[in-house]
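Residue numbers for the sequence shown follow my numbering, so the first one is 2 and each next one is one higher.
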Amino acid sequence: MGATTRNMLWIRLRSALFYVLSGLAFVPFLLFWPVFFLPERYLLGVGAAYLRVQLVLLRLICGIHYRVEGAENLPEGPCLIASWHESSWETLFFHLFLDQPVMFAKQEVFSYPVVGLVAQKAGHVPIDRKGTPDQMRDGFRAGVAAIKRGRKLLIFPSGTRQRGAPKRIQRGVGVLYDLAKVDAVPVQVKSGHCWPAGSLLKYPGTITVRILPPIPAGLERRAFLQQLALAFGENQDDLKR
């Protein structure tokens, strides 16, 4: 058996063990089911505790570490967060690192058992990517309403997962920026090498999250999109893996 084959076998075993222990770790949290009938902050607190358990399992079992740079750039109050999107890692753990943001989620997620209830209670916004313009506008309005309630709003301008900076920034982020009238915070993340899209395997390494200085509210839409593209493109090479 070659070294590469042995290494892949080890990664598969560690990934399988992670999923088993992750499921077992969820069982005690079932005792907290009454949070579904309490204000959202209680559910968010329980969810954050479970995510911290997940991070420990990822580190101890899969050898996945993380580093967050530029945390001082995240405003204390509501803002729009525009992030790279390489894997499911950020859809989970950005809740811990970006102050529990509301995010847009595929509409079908809200029909999943347990997960759908959590997403709805946490205030996340369903989006049908194939929906009509009116449906998209309704989703944007729901996101802006979350900002007005004091929450941060997270959007992935690439629309889908891809490695590195978005090759195309969808215009919806500009619409949201216009509607929200708050600062926009660009975020770079390198996660796909540890948590590849479309794969159940988890590879050892370090995931880097870089929070960049905010883009101020009130810019003309085109100027905002240009600044966002520049922020996404800067200093990519020194995002350590």
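Glycine is no exception: its CB is placed at the ideal position from the N, C-alpha and C atoms.
Treat the numbers as computed from the prediction; the structure is a model and nothing was measured.
DSSP beta-bridge partners of threonine 209:
Walking along the sequence shown from the start, residue 209 turns up at place 208. Partner(s): Arg68 and Lys191.
Inter-stretch contact at 8 Å, needing at least 3 Cβ pairs: the stretch 64 to 79 / the stretch 91 to 100:
Judged by Cβ distances under 8 Å, the stretch 64 to 79 makes contact with the stretch 91 to 100, as three or more pairs qualify.
With H, G and I counted as helix, E and B as strand and the rest as coil, what does DSSP make of phenylalanine 157?
Position 156 of the sequence shown, counted from the start, is the residue given in the question as residue 157. The answer is coil: DSSP assigns phenylalanine 157 none of H, G, I, E or B.
Whole angstroms is fine: what's the gap from methionine 137's alpha carbon to serine 192's?
On the sequence shown, residue 137 is found 136 positions in, with the first residue counted as 1. On the sequence shown, residue 192 is found 191 positions in, with the first residue counted as 1. The alpha-carbon atoms of methionine 137 and serine 192 are separated by roughly 28 Å.
Per DSSP, glutamine 104 is paired with what?
For the purposes of this step, residue 104 is taken as residue 103 along the sequence shown, with counting starting at 1. Reading off the sequence, residue 104 comes out as methionine, not glutamine. Its beta-bridge partners are Leu155.
Looking at C-beta atoms only, is the number of pairs between the stretch 19 to 34 and the stretch 52 to 59 that lie closer than 8 Å three or more?
Yes, they touch.
Could you check what DSSP says for isoleucine 170 in three-state terms: helix, strand or coil?
Here the question's residue 170 lines up with position 169 in the sequence shown. If DSSP states are grouped into helix, strand and coil, isoleucine 170 belongs with coil.
Would you mind reading off the limits of the beta strand (DSSP E) that contains serine 84?
Residue 84 sits at position 83 when you count from the first residue of the sequence shown. For serine 84, the enclosing beta strand (DSSP E) covers residues 81 to 84.
Where alanine 1 sits in the DSSP three-state scheme
Past the edges of the chain, shown from 2 to 242, lies residue 1, and the structure says nothing about it.
In the DSSP output, which residue or residues are listed as bridge partners for proline 127?
Residue mapping note: residue 127 aligns to position 126 of the sequence shown, counting from 1. By DSSP's assignment, proline 127 forms a beta bridge with Ala106.
Which class does valine 186 belong to by DSSP, given the choice of helix, strand or coil?
Indexing the sequence shown from 1 puts residue 186 at position 185. It is a strand residue.
If you draw a straight line from the alpha carbon of glycine 117 to that of leucine 39, how long is it in whole angstroms?
By 1-based counting over the sequence shown, the position of residue 117 is 116. By 1-based counting over the sequence shown, the position of residue 39 is 38. Straight-line Cα distance between these residues: approximately 17 Å.
Less than 8 Å between the C-beta atoms of valine 188 and isoleucine 212, yes or no?
Taking the sequence shown and counting its residues from 1, one reaches residue 188 at position 187. Taking the sequence shown and counting its residues from 1, one reaches residue 212 at position 211. Cβ atoms of valine 188 and isoleucine 212: closer than 8 Å.
With distance defined between alpha-carbon atoms, name the residue in Val176, Pro217 and Pro215 nearest to aspartate 139.
In the sequence shown, the residue the question calls residue 139 occupies position 138. Sorting Val176, Pro217 and Pro215 by C-alpha distance to the C-alpha of aspartate 139 places Val176 at the top.
Would you call the CB atoms of serine 16 and leucine 201 closer than 8 Å?
As a first step, residue 16 must be located in the sequence shown, where it is residue number 15. As a first step, residue 201 must be located in the sequence shown, where it is residue number 200. Contact flag set, yes.
With 16 as the cutoff for other CB atoms within 10 Å, does alanine 251 come out buried or exposed?
The chain is shown from 2 up to 242; residue 251 falls before or after that span and cannot be answered.
Name the DSSP bridge partner or partners of isoleucine 216?
Looking up residue 216 in the sequence shown gives position 215. Paired residue(s): Ala185.
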